[in-house]
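Chemist:
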Amino acid sequence: MMNTIKIEENILYEDKDVVVCCKPAGFPVQTRKPGCMDMESALRNYLAGKGQGTYLAVIHRLDQPVQGILVFAKNKGSAADLSQQIQQGKMEKKYLAYVQGKPEEKKGRLVNEMEKDSRTNTSRVVEKKTSSSKRAELDYCVLKETEEGSLVEIHLHTGRHHQIRVQMAYAGMPLFGDTKYNLEEKEKDQWQQIALCAYKLSFFHPATKKKMEFQVTPVGNFPIV
7 MMNTIKIEEN
17 ILYEDKDVVV
27 CCKPAGFPVQ
37 TRKPGCMDME
47 SALRNYLAGK
57 GQGTYLAVIH
67 RLDQPVQGIL
77 VFAKNKGSAA
87 DLSQQIQQGK
97 MEKKYLAYVQ
107 GKPEEKKGRL
117 VNEMEKDSRT
127 NTSRVVEKKT
137 SSSKRAELDY
147 CVLKETEEGS
157 LVEIHLHTGR
167 HHQIRVQMAY
177 AGMPLFGDTK
187 YNLEEKEKDQ
197 WQQIALCAYK
207 LSFFHPATKK
217 KMEFQVTPVG
227 NFPIV
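To convert, count from 1 in the sequence shown and add 6; that's my numbering.
(1) Just to confirm my understanding: we take Val77, look at its own chain, exclude 5 residues before and 5 after, and list those with CB closer than 6 Å. What are they?
(2) Along the chain, which unbroken stretches of the beta strand (DSSP E) at least 3 residues long are found entirely within the segment 118-161?
(3) Starting from Ala54, trace the alpha helix (DSSP H) in both directions and tell me its first and last residue.
(4) From Glu15 to Gly32, what does the alpha carbon distance come to, in whole angstroms?
(5) Quick one, are the C-beta atoms of Ala103 and Leu202 less than 7 Å apart?
(6) Give me the Cβ distance between Val105 and Val158, rounded to the nearest whole Å; I'm assuming they're in contact under 8 Å.
(7) Helix or strand or just coil, what does DSSP make of Lys217?
(8) Do you know whose CA, among Val225, Phe228, Leu162 and Phe220, lies nearest Ile75's CA?
(9) Taking the alpha-carbon of Gln199 as reference, which of Tyr205, Leu116 and Glu191 has the nearest alpha-carbon?
(10) In whole angstroms, what separates the C-alpha of Gly226 from that of Gly183?
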């Protein structure tokens, strides 16, 4: 697991209102661990070094093992606008996942009730609605099949804790490298890079209202698209 990065190499776009960057796998968005760097702190240091001040708002997050695109706000107005876009479903996030298995349905929608267990930092699907469960919904599309599994594009409609990892595992398509929810990987008892990347992000610029679209190519244990 990494604890340092050259943040300048990970920035995809920057102006006075937003900064868009690609988070490497194994690097946290935010952390409370002393002496451990995270994306938020690295970006604050970067902005301070340029004399721009240190205001930075975390708009959305990725699990520490997951790589992919994030947008941060550089002022309160942009933060409010981007947060509202998330609430209204105007910010679109798509992921690439390399999963075990080859689903019969190459396209589909998964809808489940999920519960989070804060004590173990895990989530699970429950069969029926409970007082603590939340609806989780995503669309998936198989892009490519290999001997081992399938490369899948996933479009999230909700943002639950570990949602993709939990729902895909529950549907019989656990992610390669996922030592929490893939039983075969868990038995290996060693850290692996999870095959999940937030590879596409689109939103409307909070000041210009122009649609912004970004895409990255995942690195690590992914088959070539």
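Even glycine gets a Cβ: it sits at the ideal position worked out from N, Cα and C.
Modeler: For this structure:
(1) Val24, Val26 and Ile65
(2) 128-132 and 140-151
(3) Met45 to Gly55
(4) 16 Å
(5) yes
(6) 6 Å
(7) strand
(8) Phe220
(9) Glu191
(10) 10 Å
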